[in-house]
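Protein sequences appear in the order of chains A and B. Counting from 1, one number per residue, gives the positions in the first sequence under UniProt numbering. Counting from 1, one number per residue, gives the positions in the second sequence under UniProt numbering. Think of the CB as a built atom: it goes at the ideal place given N, C-alpha and C, for glycine as much as any other residue. Comments concern the structure below.
Protein chains: 2
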Amino acid sequence: MTQGAGSEAGTDAGKAAEVTYLAIRRQILSGERAGGEWLREGDLAAVIGVSRTPVREALRRLAAEGLVRHEPNRGVQVEAWGVDDLDEIFSLRSQLEPWGCGLAASTGLADLEALAELADRMDEEARRAPPDLDAITELNNRFHRAILEASGNGRLVGLVSTVVEVPLVWRTFSHYSSEAMRRSLAHHHEIVQALRAGDPEWAESVMRSHVRAAWASLREEHLDPEQGPS
Amino acid sequence: MTQGAGSEAGTDAGKAAEVTYLAIRRQILSGERAGGEWLREGDLAAVIGVSRTPVREALRRLAAEGLVRHEPNRGVQVEAWGVDDLDEIFSLRSQLEPWGCGLAASTGLADLEALAELADRMDEEARRAPPDLDAITELNNRFHRAILEASGNGRLVGLVSTVVEVPLVWRTFSHYSSEAMRRSLAHHHEIVQALRAGDPEWAESVMRSHVRAAWASLREEHLDPEQGPS
DNA sequence: TTCGTCCTCATTGTATGCAATTTCGAACCG
DNA sequence: CGGTTCGAAATTGCATACAATGAGGACGAA
Chain A
1 MTQGAGSEAG TDAGKAAEVT YLAIRRQILS GERAGGEWLR EGDLAAVIGV SRTPVREALR
61 RLAAEGLVRH EPNRGVQVEA WGVDDLDEIF SLRSQLEPWG CGLAASTGLA DLEALAELAD
121 RMDEEARRAP PDLDAITELN NRFHRAILEA SGNGRLVGLV STVVEVPLVW RTFSHYSSEA
181 MRRSLAHHHE IVQALRAGDP EWAESVMRSH VRAAWASLRE EHLDPEQGPS
Chain B
1 MTQGAGSEAG TDAGKAAEVT YLAIRRQILS GERAGGEWLR EGDLAAVIGV SRTPVREALR
61 RLAAEGLVRH EPNRGVQVEA WGVDDLDEIF SLRSQLEPWG CGLAASTGLA DLEALAELAD
121 RMDEEARRAP PDLDAITELN NRFHRAILEA SGNGRLVGLV STVVEVPLVW RTFSHYSSEA
181 MRRSLAHHHE IVQALRAGDP EWAESVMRSH VRAAWASLRE EHLDPEQGPS
């Protein structure tokens, strides 16, 4: 068969369990799998072209990360998120990310060139005729991750990752107005500047503004359930 | 066949995978399994009395929680922690726990009676001839968890749990001097009082003192490797 | 002696078969 | 007609068998 997997077919680059994990994870983050949907081991195994064993491992891993919910003897279903989760996530984020950004300004571990380039590339992508939101999302996540890594606290990176890696947040930019987008991109440059100046309080403040602006944008969108179908 | 779960005898309360997970986890947190030690699936399966399948699931779950490290095609080894990890953990903790405690003071969700009782029972346990450190540890963890739960942010509970549930921190009290112990227990009562007063800043401050005092105690102990045998 | 190669064994990774549990529908009773 | 009980199908949980990968040692040549 090997019909559905498509992209993952061909190279056995990673192990089956890893491939399966990445495939399911991508489907959830992209919104391809709706919240509440049941994930049957047999179906997934058939589609991806592996046996149920690696599928089970992938599902357990996803459960540990909070992307799916495991109901004993019943199966696994995609976690359903709501506006309450948005508030939990962003109140945590607006606590942790500014703090980490301030630390990064103190340590001086950040690769300012790389960060500046990421910010520039986001500008470029945003200027395209139809902005490539996936590309911007990718760059934005790398930007935020790089800053947290520069905080010197490895656990902070992991914690924030587990919190923000949910569909609700992952596709942040698809909910931005063009004004919110411009402001967000400007924040990135200002953050780099604050880091370059080695000013922790400035860095922390900008990052706090950045996160809370994102919060407001998403919140507005989710309180008006007028989004398109499916 | 012969799956009688001999060693874990008594109730087959949970499923094999759950039992296995809890068994291995307990061994790691108690220090029974040293950092760096390799955990072979076959051995664990034989000892616990299950097949390798649930053992693998348990190990994957522990890997996702950061208690063990999974090396592809090589196996799983217990994570080794050092003083650097202590600093990472406690700098995170002294950021998150005071914040959560302040939130709890604002929400008023905390069950003050239950918290006061936990604090009292810790006092009692500490007064025993040989203080039952395991009992105190258990009560202390429940105390801290209850406060975070009262913050109204469910994710905060999970995040802090994954951070503090390592042997280094779990057995905090076994490293306390009697003075540090008394101060720590006093903090608990003061925290309850601050929550009762509904004063977020007070609550936050006491919790910050509480956490940072613990940090100092543990750090001192770990910088002087003159501790008694195992 | 020392380095490199190959072979063997231990261990993990995957697939498959079977037992246990849940779900869902249809027959049955009130 | 509504509610309940029983049973077959679907699904998960566990055990076992097999394949694949890596570690360590014996052997031989420089």
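Query                                                                                                               : Result
DSSP-derived helix/strand/coil call for R69(A)                                                                      : strand
Residues sharing a beta bridge with W38(A), DSSP                                                                    : Q77(A)
G100(B) classed as buried or exposed, judged by whether at least 16 other C-beta atoms fall within 10 angstroms     : buried
Neighbour list for A64(B) in chain A, Cβ cutoff strictly below 7 Å                                                  : R61, A64, E65
Nearest-angstrom Cβ-Cβ length linking P72(B) and A16(B), presumed shorter than 8 Å                                  : Contact flag wrong, Cβ pair sits at about 24 Å.
Rounded straight-line distance, which links the Cα of W215(B) to that of A34(B)                                     : 22 Å
For S51(B) and T2(B), the rounded distance between their alpha carbons                                              : Only weak support is given to the placement of T2(B): the predicted model assigns it a pLDDT of 35, under 50, and the question is left unresolved by the model.
Cα-Cα separation between S205(A) and I89(B), rounded to whole angstroms                                             : 24 Å
Straight-line gap, N141(A) to A135(B) (C-alpha atoms, nearest Å)                                                    : 43 Å
Pair within 8 Å by beta-carbon distance, A105(B) and D199(B)                                                        : yes
Reduced DSSP category for D123(B) - H, G, I as helix; E, B as strand; rest coil                                     : helix
Backbone secondary structure at D111(B) - three-state DSSP                                                          : coil
Heavy atom of the ligand COA within 7 Å of L195(A) beta-carbon                                                      : No copy of the ligand COA occurs in the structure displayed, which carries no ligand at all.
Within-8 Å CB hit, A80(B) to chain A                                                                                : no
Same chain, Cβ closer than 7 Å to D132(A), neighbours up to 5 away in sequence not counted                          : E125
Three-state secondary structure assigned by DSSP to S91(B)                                                          : helix
Distance between beta carbons of L86(B) and L159(B), contact taken as under 8 Å                                     : Actually they do not touch by this definition, with Cβ atoms about 18 Å apart.
Limits of the alpha helix (DSSP H) - the one that P167(B) falls within                                              : 167 to 170
Residue of H187(B), L223(B), W38(B), Q193(B) minimising C-alpha distance to R208(B)                                 : H187(B)
Closer than 8 Å at the beta carbon, the chain B residues around V163(A)                                             : R155, L159
S217(B) classed as buried or exposed, judged by whether at least 16 other C-beta atoms fall within 10 angstroms     : buried
Within chain A, the residues that I89(B) reaches when beta carbons sit closer than 8 Å                              : R155
Where the region 20 to 32 of chain B meets chain A: residues whose CB sits under 8 Å from a CB there                : none
Per-residue DSSP class, three states only, for A194(A)                                                              : helix
Minimum Cβ-Cβ distance from L92(B) to chain A less than 8 Å                                                         : yes
Which of helix, strand or coil DSSP assigns to P131(A)                                                              : coil
A114(B) classed as buried or exposed, judged by whether at least 16 other C-beta atoms fall within 10 angstroms     : exposed
Any chain B beta carbon closer than 8 Å to W38(A)                                                                   : no
Anticipated Cβ contact below 8 Å, A129(B) with A180(B), distance rounded                                            : So it is not a contact: roughly 19 Å between Cβ atoms.
Residue burial classification, R182(A) (beta-carbon count within 10 angstroms, cutoff 16)                           : exposed
Nonlocal neighbours in the same chain, by C-beta distance under 6 Å from E97(B), ignoring five residues either side : M207, V211
CB contact below 8 Å: W99(A) versus chain B                                                                         : yes
Q227(A), DSSP secondary structure in three states                                                                   : Any reading at Q227(A) is ruled out, since the residue's pLDDT is 44, under 50, leaving its predicted position unreliable.
Enclosing alpha helix (DSSP H) for G154(B) [first to last residue]                                                  : 154 to 164
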